[in-house]
Amino acid sequence: MQTDLVSLTTALLALVDAGDGIAELVDPETNRVVRIVEAPPAGPALSDEEIREKLEEARADFRAGRFTTGSRARLNQ
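Structural data, given as structure tokens:
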């Protein structure tokens, strides 16, 4: 997948805005359909160390029985 970002024209951005975050375009020569979808802003990324710490905390809670019925149900979804 190509990850190079290009700037949208004002007209394309207006189409995305008018379509609640989605614009659909058709190439008249090939009938090829292209969709532009607005992605939500990226949240703060966790470092590998932060992820390891949180996983270890969760494992310790699990081993100690510190889960409620509701939290167990969410885990099974």
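Under the numbering used here, the final residue of the sequence shown carries the number 113; numbering is consecutive throughout. Virtual Cβ for every residue (Gly too), placed ideally from N, Cα, C.
Residue i classed as buried or exposed, judged by whether at least 16 other C-beta atoms fall within 10 angstroms
i, result
"A100", "exposed"
"A59", "buried"
Spatial distance of residue i from residue j (CA atoms)
i, j, result
"R95", "G57", "39 Å"
"E65", "F98", "59 Å"
"R68", "L61", "8 Å"
When the options are compared against residue i, the one with the closest alpha-carbon
i, options, result
"L82", "S43, L49 and K90", "K90"
Extent of the continuous beta strand (DSSP E) to which residue i belongs
i, result
"R68", "Note, R68: premise wrong, no beta strand (DSSP E); not H, not E."
"V42", "Unbroken run through V42: none, as it is neither H nor E."
Expected contact under 8 Å - CB spacing of residue i and residue j to nearest Å
i, j, result
"V52", "E74", "6 Å"
"I72", "L48", "7 Å"
Bounding residues of the alpha helix (DSSP H) (the contiguous stretch that carries residue i)
i, result
"L91", "D84 to R99"
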